[in-house]
Every structure is written in structure tokens, then in C-alpha cells.
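Taken in sequence, the protein lines are chains A and B.
So that you can map any letter, position 48 of the first sequence is 48 in the numbering used here, and since no number is skipped, the others follow by simple counting.
Take the position in the second sequence, starting the count at 1, then add 281; the result is the number in the numbering used here.
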Amino acid sequence: MALFGVFIVVPMLGAVALSLFRWNGLGTPHWAGAQNWIQFARDPLARQALTVTAKVVVLSWVLQTPISMALGLFTAGRQRYRSVYAALYVLPLLLSTAGIALMWEALLDPNFGGLTALSRSLNLGFLQQNWLGNPSLTLYVIIALIAWQFIPFHTLLYQTGRRQIPDVLYEAARLDGASPAQMFWRVTLPQLRYTIVTSSTLIIVGSLTYFDIVYIMTNGGPGYTTRVLSLDMYQVAFQQNEYGYASVLAVVLGVVGVGIALGLVRFSGFASMSSQQEGAA
Amino acid sequence: MSQTVARSVRAQSEARSVPAPSPRRRRVSVGRVVTFALATVWLVIVIAPVYYMVLASFRGQGTYLTSNPWLPRGGLTVSEYGTVFGAGLGRYLVNSVILTTVCIVLTLSICLGAAYRIVRRSTRASAVSFSILLLGLAIPIQAIIVPLYLLVYKAHLYDTLFALMLAMSAAAIPVSVLVMVNFLRDIPRELIGAMLVDGGSEWTVFRRLIVPLSKPVLATLAIYNGLNVWNNFILPLVLTQSNSVAVLPLGLTKLEGQYAINVPAVMAAVLLSVLPLVVLFVVMRKQVMRSLGSVVLR
Chain A
1 MALFGVFIVV PMLGAVALSL FRWNGLGTPH WAGAQNWIQF ARDPLARQAL
51 TVTAKVVVLS WVLQTPISMA LGLFTAGRQR YRSVYAALYV LPLLLSTAGI
101 ALMWEALLDP NFGGLTALSR SLNLGFLQQN WLGNPSLTLY VIIALIAWQF
151 IPFHTLLYQT GRRQIPDVLY EAARLDGASP AQMFWRVTLP QLRYTIVTSS
201 TLIIVGSLTY FDIVYIMTNG GPGYTTRVLS LDMYQVAFQQ NEYGYASVLA
251 VVLGVVGVGI ALGLVRFSGF ASMSSQQEGA A
Chain B
282 MSQTVARSVR AQSEARSVPA PSPRRRRVSV GRVVTFALAT VWLVIVIAPV
332 YYMVLASFRG QGTYLTSNPW LPRGGLTVSE YGTVFGAGLG RYLVNSVILT
382 TVCIVLTLSI CLGAAYRIVR RSTRASAVSF SILLLGLAIP IQAIIVPLYL
432 LVYKAHLYDT LFALMLAMSA AAIPVSVLVM VNFLRDIPRE LIGAMLVDGG
482 SEWTVFRRLI VPLSKPVLAT LAIYNGLNVW NNFILPLVLT QSNSVAVLPL
532 GLTKLEGQYA INVPAVMAAV LLSVLPLVVL FVVMRKQVMR SLGSVVLR
């Protein structure tokens, strides 16, 4: 408990407090009042970071949710080959983000990369792109890679969620003459409510604070096109040594993250659902 | 222990699948074929990059550039695996193993004890600390990284494995305690009551009843937290600096800096870093997959 208090709660309060000071890490912090916050409101770079982050969040959700749900329902099926597929789908989960980033850097290298080689031998010109250096393309590459990394996890969630739906419901629907489509809309989807909320919350908060792949692969570039909020914060703090202003960005990140998480959970009636899941896991 | 866990898991899933004959199985419809095709497309998307990486790691630096990197032809070698060990990968590997082991032990013992207290004593203090913990569940680590860094720096723990152990264990506590509390609440009070009547102390109950019953949950949490610690990047990045305390994810990026143009070496390093997890996964696949899904869905 003390460990948690010192390492999580204290920094939480510390971030709020620091955001009111001007401090370069050396010497004494100067009281700054709302100065950092005013700087935040006027900072074009912060606005850029917010826009990029919003794009990452929305597109990640749109991309990951349907694919994960489809794959989750698929892997929940009982045929033998499906469980083999399910086991292989988990592969990206075992790789660290650093590993994933380095692997894709090798694949996406415009000169000697795997995709370029593929485009040469198969004559597919569109595979040869400057994937990580094209300002209008790179952000989408990053979003796709984030999806590649996290879809396996959300697939597992949907698989677990689907398996918790009692078979009786489907049998009843079948007796009533429901088509597969009707079963999906009337049985599967409503029953997956809780899973959808959980998975969406994780996707949204996760992509809001996403850092690793961007830091390793593009470091915010080309230009500032992939400079997400957490990267902005990292650079302001640890490269420009402006701990006060960085804390403003951190507080924004924390408040928005917690806000979205609580909002989603409230909105969807998480509390009343939780009893239904008891003993299921 | 892992064997009994795996067996009980298997027994469970079999029990669940018994009352479900699938009457649709024999029909081969267009839908089935499309499903199979789409699933296979995704399989290729998942496997192809990894296949590429494996193949590239067995090239020499020169042959990687000259041969077709997708075909297993034209001189395969393990020499780059030697290169990365010479470049300090062994050190990073050891650091990661130490860090992950300590974090798992620390987190599990703290969260089991804390959860037991929260469940057994309904005092105000334990209720308040539980709600603070739940808040901690929602706080992203990125939001507290700056003060955390300053804290560690002021405590003269910067650039030590010890700092990482503390910070990562602390970060793992909220979710672990929550899962644990949910589990312990399902243990019938009568069971605990009966042991107390028979003259057992709280400590005996904890040791003889709670710990053995919790084994499957502890295994789940160990896997979930272990994976998170093993792969965490931002905390080592911010809290450490020297090669001697670098863990694998950070070490990989250091190696890349060193060997920017030697792709096979970098790929070999990535593969070596994931090897322990692959072994773990092959040995206890069902348990791992169930753990990952159940921790957050509980």
C-alpha cells in the first residue's frame, strides 16, 4: 500500500502541483501560477499534438473494434482449426513494443525493406513507399501498426466475452427461426455490451497515451505529423527540461484519460452489469 | 503447479462444451468459405512480418541486402546471434529476468495481503484505500512519469534496477488488487468462520485456506503482470540510462543505435528477447490466453 502511495498517488498530486511552477530540474522551482496553463492554451505545437492524438484515438477505435470483434467471434467457434488460428493470432502479444517497432522498421525501410523487396518481385508498385518519411502517410502507418499490436489482445477479450454467452440463448433464437444475422444483432451484440465497453475503454485510453512505437519509429516526424501528446510531453520534459510545462500536458493527459474511462463506464451502466459477470472468469 | 492449473482449466472448458452439439457443422456454405478466407488473410498479416524477421536474423549483413529476404535461400547463418551477445544482449536479458521475477513476487505478495485485508475488515480506512486504488486503475503511467522521475532522482535511485522494481510493482498493484478482491469475495465466509472456530488464527486461515485457493488467480496475475513488466518501455527509458541496468526493450533500441545498418543483428536480438515468452507460451498456452482475457473482463 505504501509502495502504491509513494509511486502512484504522490506523483499524481505532484503532477498537478508541478504544473503551477516553472522549473528546469536544477535550482529551485519558481511559482508560475497559471502561466504554464496560459502557455498551453497558446502553444501551436500542443494544439497540433492534440489533433494528432485525437486522430489516433478515433481511428484506432474505428479500426480495432470491428476487426477484434470479428476475430473474437471467429476464434470462439469450436472447429479445431479455429483454435490453431487463435493460438497463432496471439503472437504479436508476446513481442515487446520495442521489438515490434524494430521489426516493422526493417520491413518498411524504403531501400532494403521487406515490403520494397516484395514490391520488386511481385511487381506491386504501391508497396514501395517512404512509409515512415511521408508526411501525409506516416501517421496512418503508425495507427495501423498500433492496431497490429493490439488487435490480438482485444480479440482475446471478445473471444472470452462470446464464450460467456449461454448457448441456451442461441438455441431459443434458433427455435424461433432467427437467421444468423438476427442472432448477431439480437443476441450476440447485446450480450457483448460489457465486453465492448471494456475493450473500447482500453483502446481509447491506450491510444490516447500511446508513446512507444511513435517514439522509436518516428520520434514525432516527419515534421510534427506524428507528434502525439505523450511524446510532446516527453520531449518538453526530458529534452527541453521544462518540467512545469510538461506537467500541464501530463495533467491534461491524465484528466482526459480518467474522464473518458469514467464517462464510458458510467454511461454504459458498468456497475449494474458487473454482477452478471460474477464467477464467469 | 502449472500442470494442475492447466488440467483444471481444460476440465472447465470441456465441461462447458459438453451440452453444445453443433448442428450446423456439416454444411459448407459460402459464409464459411468467406470466413475462412478472411481469417487466413489476418493470419498472414500476423505471421508474415514475424516470418520475415526470423529469416532476416539468419542472414549475414551482406546477404541480407543481396538476396531476396522472403525466400530461405542463399546462405543462412547464425553468426549475427553471436554478434548481439557480444554487444551486451546477455546483460539485458539477465536484467529483464531479475526485474520481472522480483516484480511478480512483490506484486503478488502485496496484492494478496492487501486484498485479504480489504475483504476481511470493512473499516473506513480499507474502504478509502480501495477507492484510491480504483482511481489508480484509470491513471495512465504517462501522466505521472515526470513527477515519478523527479521522485526517483531525488531518492538517488535514478539509473538503478531497484527503482524500476518499485515503480513497476506499484503500477501493477491496482489491477492486481482489484482482481484479487473480486476473487476473495467469492470465498464463502462460512469456510473462514469454520476454520476460526476450530481454533485457527487469521494467519492460519490466510496460509492454509486463502493462499491455496488463490493459486489459479495468482498464476493469472503473474502471467499478466509479468508480460507487462517484461515489455514495458517508457519506465526504463525515463528511469535508467546506463547499459549495465538496461532491460531488454530499452536494450533493443540501444542495439539498434549501435547496429543501425546491420538488420540481421537487430532481428536476432528481437527474437532472442521474445524467446523466453514463446517458451512460456508453448508450455502453457491455454493458461496464458485465458489469463490475458480474464484479467480485464472480470
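Beta carbons are placed, not taken as given, at the ideal position from N, Cα and C, and that holds for glycine.
C-beta neighbour in chain A for residue i, strict 8 Å
i: V559 of chain B; result: yes
i: V492 of chain B; result: no
i: R470 of chain B; result: no
i: P530 of chain B; result: yes
i: F562 of chain B; result: yes
i: M565 of chain B; result: no
i: F514 of chain B; result: yes
i: A549 of chain B; result: no
i: P421 of chain B; result: yes
i: Y333 of chain B; result: yes
i: A612 of chain B; result: Outside the shown range of chain B, which is 282 to 579, sits residue 612 of chain B, and nothing can be said about it.
Endpoints, alpha helix (DSSP H) assigned at residue i
i: I203 of chain A; result: R193 to L208
i: N512 of chain B; result: K496 to N512
i: W484 of chain B; result: E483 to V486
i: F366 of chain B; result: S360 to G367
i: E537 of chain B; result: L529 to Q539
i: E242 of chain A; result: Counting along the chain, E242 of chain A falls outside any alpha helix (DSSP H), and DSSP gives it neither H nor E.
i: D212 of chain A; result: D212 to M217
i: M103 of chain A; result: T97 to L108
i: F74 of chain A; result: P44 to A76
i: Y332 of chain B; result: V311 to S338
i: L459 of chain B; result: L442 to R466
i: P152 of chain A; result: T138 to R163
i: D167 of chain A; result: D167 to L175
i: G114 of chain A; result: G114 to L122
Cβ pair residue i, residue j closer than 8 Å
i: P545 of chain B; j: G341 of chain B; result: yes
i: A54 of chain A; j: L249 of chain A; result: no
i: M446 of chain B; j: V383 of chain B; result: yes
i: A288 of chain A; j: S247 of chain A; result: This structure does not reach residue 288 of chain A, given that chain A is present from 1 up to 281, and the question cannot be answered.
i: Y215 of chain A; j: L231 of chain A; result: yes
i: I213 of chain A; j: I67 of chain A; result: no
i: Y210 of chain A; j: V56 of chain A; result: yes
i: V569 of chain B; j: L561 of chain B; result: yes
i: I515 of chain B; j: I426 of chain B; result: yes
i: A503 of chain B; j: I385 of chain B; result: yes
i: N512 of chain B; j: S199 of chain A; result: no
i: L139 of chain A; j: T65 of chain A; result: no
i: L418 of chain B; j: V456 of chain B; result: yes
i: G133 of chain A; j: P222 of chain A; result: yes
i: S119 of chain A; j: L127 of chain A; result: yes
Test: residue i CB closer than 8 Å to a CB of chain B
i: S247 of chain A; result: yes
i: A172 of chain A; result: no
i: G257 of chain A; result: yes
i: F112 of chain A; result: yes
i: L95 of chain A; result: yes
i: A98 of chain A; result: yes
i: V205 of chain A; result: yes
i: I216 of chain A; result: yes
i: M183 of chain A; result: no
i: P92 of chain A; result: yes
i: A261 of chain A; result: yes
i: Y289 of chain A; result: Given a span of 1 to 281 for chain A in the structure shown, any question on residue 289 of chain A remains unanswerable.
i: T225 of chain A; result: no
i: W352 of chain A; result: Outside the displayed range of chain A (1 to 281) lies residue 352 of chain A, so it cannot be described from this structure.
i: L189 of chain A; result: no
i: A117 of chain A; result: yes
i: D43 of chain A; result: no
i: Q240 of chain A; result: no
i: G279 of chain A; result: Annotation note: pLDDT 32 at G279 of chain A (below 50); position unreliable, no value reported.
Close Cβ partners of residue i (< 7 Å) along its chain, the five nearest in sequence each way excluded
i: T501 of chain B; result: S572, S575 and V576
i: P302 of chain B; result: Only weak support exists for where P302 of chain B lies, its pLDDT of 46 falling under 50; the coordinates are left without a value.
i: A549 of chain B; result: S338, E361, Y362 and V365
i: T155 of chain A; result: S68, L71, G72, T75 and Y89
Residue i CB to nearest heavy atom of the ligand PLP below 7 Å
i: Q240 of chain A; result: Among the components modelled here there is no ligand, and therefore nothing to report on the ligand PLP.
Close beta carbons around residue i, own chain, < 8 Å, minus the five adjacent residues each side
i: T201 of chain A; result: I260, A261, L264 and V265
Residues of its chain near residue i, where Cβ-Cβ distance is below 6 Å and the 5 sequence neighbours each way are ignored
i: Q423 of chain B; result: none
i: G161 of chain A; result: L192 and T195
i: I420 of chain B; result: none
i: P330 of chain B; result: none
i: L529 of chain B; result: Y373, S377 and S554
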